[in-house]
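One structure is given here, and the rest of the page talks about it.
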Amino acid sequence: MSINSEYLHPLFVGQVDNLALQGALSPAEVRDVENEMDQKAVLVFRGQPLDQDQQIAFARNFGQLEGGFIKVNQRPSRFKYAELADISNVSVDGKVAEADAREVVGNFANQLWHSDSSFQQPAARYSMLSAIVLPPSGGDTEFCDMRAAYDDLPEDFKKELQGLRAEHYALHSRFILGDTEYSESQRNAMPPVSWPLIRTHAGSGRKFLFIGAHASHIEGRPVAEGRMLLAELLEHATQPKFVYRHSWKVGDLVMWDNRCVLHRGRRYDVTARRELRRATTLGRRCRLSPRGQSWVQ
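Residue numbering for the sequence shown follows the working numbering, beginning at 76 and increasing consecutively.
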């Protein structure tokens with residue numbers, strides 16, 4: 076039986092109610108999920124609590140797993156698998172971290188619009204975030220559709236953006252927040268990478284903007300000018316008409332396509348325990364389209 080999903084937003088995001096994630100998926104089910112992702116870019120699975128083994132097994136259906144910022148953190152993990160990212164305010168000792176701890180700073184960085192691991196090549200493909208413990212209020216996650224945002228740009232602006240590239244760096248979002256105390260080893264763990272502002276999605280064929288908090292500047296332009304252009308594009312892309320806000324329930328798993336979706340966490344009381352666990356898969360290396368007009372992954 077094919078999976079089906081109902082739209083939660085006029086432009087993207089589907090909720091899937093007829094697929095159990097705890098067991099093995101058939102090849103047909105994996106293809107169905109990928110087809111739904113190509114169209115909707117975000118899928119919501121309610122009432123699907125997963126342990127670490129189950130989450131890793133589900134994620135591996137969709138490609139090679141990656142650690143992303145774990146390479147920069149260089150600190151112990153609470154998890155069985157190095158590929159699982161700890162999206163929480165909890166220290167390795169299992170206690171809620173102090174307000175100035177790096178775990179909490181990471182929560183603030185997650186409140187900036189970003190694409191997971193855009194600071195590496197290949198960048199992330201899918202992220203799968205599972206809700207374990209939630210605070211009494213707040214802590215929602217927002218997603219914005221960068222395909223629709225691109226489509227909505229004036230044609231002359233699209234032409235201006237064609238061929239422009241931005242440099243993405245793992246620590247840029249941390250530096251924005253004043254979190255600058257990193258060793259030379261941490262700073263060099265993931266060198267900056269260059270990405271075109273306009274890319275084409277291999278699954279849907281749609282063009283999208285590729286920006287976010289890891290993008291530090293536009294190559295070939297003065298830093299100030301480039302950052303203002305990035306800010307203008309982000310302001311355009313995050314208009315309410317392009318944004319879906321997910322209010323979490325324990326047992327939710329949300330899966331999104333980092334190539335064409337930005338996301339951010341929302342504010343919550345950081346003294347209240349919040350635990351989510353993320354697995355992320357790698358995309359393919361970016362290549363120039365046959366006509367040389369846009370970049371495909």
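The beta-carbon is built from N, C-alpha and C at its ideal position, and this holds for glycine as well.
- Straight-line measurement puts the Cα of ASP332 at about 22 Å from the Cα of GLN237.
- Around the beta carbon of ALA172, a 10 Å sphere encloses 16 or more other beta carbons of the protein chains shown; the residue is thus reported as buried.
- Of all alpha-carbon atoms in LYS316, ARG359, THR355, ARG341, the one lying nearest the alpha-carbon of PRO85 is that of LYS316.
- For the pair GLU158 and ILE131, the CB atoms are nearer than the 8 Å cut-off.
- Within the region 248-335, the complete beta strand (DSSP E) segments of 3 residues or longer fall at 268-271, 273-275, 282-284, 290-293, 318-321, 328-332, listed in chain order.
- Fewer than three pairs of CB atoms, one per stretch, sit closer than 8 Å, so the region 259-274 makes no contact with the region 208-216.
- Taking 8 Å as the cut-off, the Cβ atoms of PHE194 and TYR156 do not count as close.
- In the structure shown, ARG222 adopts helical secondary structure according to DSSP, grouped into three states.
- Beta-bridge partners of ILE162 (DSSP): LEU351.
- The residue from GLN196, ASP254, HIS276, ALA198 with its alpha-carbon nearest to that of TYR225 is HIS276.
- Secondary structure of GLU141 (DSSP, three-state): coil.
- In the DSSP assignment, TYR201 is bridged to ASP332.
- Between LEU140 and SER205, the CB-CB gap reaches or exceeds 8 Å.
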